Structures are given as structure tokens and as C-alpha cells.
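Shown next, in C-alpha cells, is the structure this report addresses.
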Amino acid sequence: MILRLIALLILPLASYYLAQALSSRFNFTGRQKIFVFVSLSAVLLTGVLIALGRLPIQFILAPIGVAATFMVRFLPTLIRFLPIWQMFRNRKTQSIPNSSDSSKLRTRFLAMELNHQTGDMVGEVLNGRFIGRKLEDLDAAQVAQLFSECIEDADSRQVLQAYIERMHPDWEGNDLSREGAQRDEGAVEMSRAVALEILGLPGDATYDEIVSAHRSLMRKMHPDKGGSDYLAKKINRAKEVLSGEE
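FYI, in this note's numbering the residues of the sequence shown are 5 to 250.
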């Protein structure tokens with residue numbers, strides 16, 4: 005009796021540690037981890053009950069036999085539909101954006117986000133007459149007014165110029181705003197948190213991840229490829245801060 009009780013107590017612990025080991029190896033989600041834990045518990049419990057003679061083995065073999073018969077009968081159909089299911093799964097996966105596929109930059113007047121995949125920039129105005137508005141909702145005249153407000157803050161001015169160059173290179177007055185954005189572009193101290201946001205990396209990023217993120221961003225944002233001088237400098241600066249190359 006005591007041995008049976010001990011076995012029943014050990015089962016959940018064994019299932020938990022097995023589920024943890026599998027999760028760490030295969031990177032299961034929380035829901036997958038719970039499913040694996042429940043499945044392992046059921047299998048172990050069934051094995052113990054069979055070993056103790058509490059569960060006739062035919063109760064296990066009968067469902068397995070039915071399932072095997074079903075699989076043999078419908079296997080050709082399942083194989084035929086497998087490519088279609090795989091295609092749907094791939095499309096569904098591609099449609100879900102990864103949070104790490106973007107960089108964020110915050111200044112006095114603007115909160116900007118750069119999509120690593122498309123190179124598109126979006127932003128929100130934090131101060132001034134357009135506070136709370138999305139940059140993409142402003143027309144050329146309104147952006148020009150916002151630019152005049154950003155004159156007093158070098159970072160905001162240069163970020164806005166980078167947005168104009170990237171998203172609206174055909175706007176009139178772009179040359180004038182570029183001339184204003186080139187003032188006061190000396191290096192500004194950058195914290196590690198800001199550098200991580202710019203490269204879109206977690207706090208425990210390795211050196212290889214830093215180099216990979218920097219290389220990926222520079223492919224899209226390098227001035228020679230239609231990018232912005234300001235953003236390229238920020239990306240380079242972020243890499244220096246995170247990799248200790250200062």
C-alpha cells in the first residue's frame with residue numbers, strides 16, 4: 005500500500021521533470037508544455053496501473069488497435085493533404101510579425117519604430133501641436149510644421165528627417181530639412197537600453213546576435229542603399245555600446 009502511494013506521488017514529479025527537459029530542448033510554448041506534462045502523466049499512470057494489475061492490458065490495446073486501423077485506412081488521404089496543411093501553416097506563421105523584427109527610438113518629440121523586414125518607419129508625436137498623432141497620418145504641410153517645432157531638439161529633428169528621407173523622398177522642401185538636420189549631429193551618449201531598442205535585441209543578447217542585428221539593419225538603412233545617414237550612425241553607435249567597442 006505504501007509503495008503504491010509513493011509511486012502515485014512520484015508520477016507527477018517525474019512527468020514534470022521530463023516535460024521540463026523536453027521543453028528546454030525543443031523550446032515548447034506554455035500550452036505545449038502543459039500538454040506534454042498531461043500526456044506523460046497519463047502514460048506513466050497507465051503503465052503503473054497495468055504493472056499493478058489494476059488495469060487490464062486489453063483496455064489499452066483495443067483503442068490502439070482501432071487507431072492503427074484508422075491510420076492504415078486513411079493514411080493515403082492524410083499524405084495527400086499533408087502538403088496543403090504545411091503550406092497553410094507556413095503562411096500562417098509568416099503572417100505573424102515577430103516583436104524582435106523592429107527597432108524603437110524615442111526622442112523629446114517623437115517615438116519611432118523601424119520594421120527590419122520592410123524598412124518602413126512609423127511614429128507618434130509626443131509633444132507640440134500634433135501630440136498624440138501618428139506621423140503617417142500627417143500630410144506634407146503638417147510634417148513641415150512639426151519639423152519647425154523640432155528645430156530646438158537635435159535628436160527629434162534628425163529622426164524626423166530620417167523619416168522624411170525614408171518614407172517621403174519626393175516631398176518638396178526635403179533639401180531644406182536635410183540641411184537643418186545636419187546641424188548639431190555630434191555623438192550623443194547612448195545608454196545600453198536605448199542601444200538594445202535600436203537593434204531590436206533582448207537584454208541578454210550575445211555578441212553574435214549584436215553583430216547579426218547590426219548587419220541586417222545596415223543592409224537596409226545604409227545611405228548607399230537609400231537609407232538615412234542619421235539612422236546609420238545610430239545603428240553603428242548602438243553596436244559600439246553593446247559590444248564594448250567605444
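Note that beta-carbon positions come from the ideal geometry of N, C-alpha and C, so glycine has one too.
Predicted model only: the values in this text are computed from it and were never measured.
Tell me the DSSP secondary structure of Ala145 in three-state form.
Your numbering for residue 145 matches position 141 in the sequence shown. Of the three classes helix, strand and coil, the one that applies to Ala145 here is helix, per DSSP.
Here's the rule: buried if 16 or more other CB atoms are within 10 angstroms of the residue's CB, otherwise exposed. What is Asp212?
Counting from 1 along the sequence shown, the entry for residue 212 is found at position 208. Burial call: exposed.
Would DSSP call Leu109 helix, strand or coil?
For the purposes of this step, residue 109 is taken as residue 105 along the sequence shown, with counting starting at 1. DSSP places Leu109 in strand when its eight states are reduced to three.
How would you label Ala55, buried or exposed, when you count the other beta carbons within 10 angstroms and need 16 or more for buried?
As a first step, residue 55 must be located in the sequence shown, where it is residue number 51. With fewer than 16 Cβ atoms within 10 Å of its Cβ, Ala55 is classed as exposed.
Considering only C-alpha positions, which residue in the set Lys237, Met194, Val245 is nearest to Ala209?
The sequence position of residue 209 within the sequence shown is 205, counting from 1. The candidate whose alpha carbon is nearest that of Ala209 is Val245.
Got a sec? Which residues, its chain only, sit under 7 Å from Arg196 by beta carbon, not counting five neighbours each side?
As a working mapping, residue 196 is identified with position 192 in the sequence shown. Closer than 7 Å at Cβ, skipping near neighbours: Val245, Leu246.
By the DSSP assignment, the beta strand (DSSP E) with Ala115 in it spans what residues?
To locate residue 115, count along the sequence shown from 1; it is residue 111. Residues 114 to 119.
Can you tell me whether Leu150 is buried or exposed? The criterion is at least 16 other CB atoms within 10 Å of its CB, across all chains shown.
Locating residue 150 in the sequence shown gives position 146, counting from the first residue. By the neighbour-count rule (16 or more Cβ atoms within 10 Å), Leu150 is buried.
Using the three-state DSSP reduction, which class does Gly184 fall into: helix, strand or coil?
As a first step, residue 184 is located in the sequence shown; it is residue number 180 there, counting from the start. Only weak support exists for where Gly184 lies, its pLDDT of 46 falling under 50; the coordinates are left without a value.
Once DSSP output is grouped into helix, strand and coil, what is the label at Met125?
For the purposes of this step, residue 125 is taken as the residue at position 121 of the sequence shown. In the structure shown, Met125 sits in a strand (DSSP, three-state: E or B).
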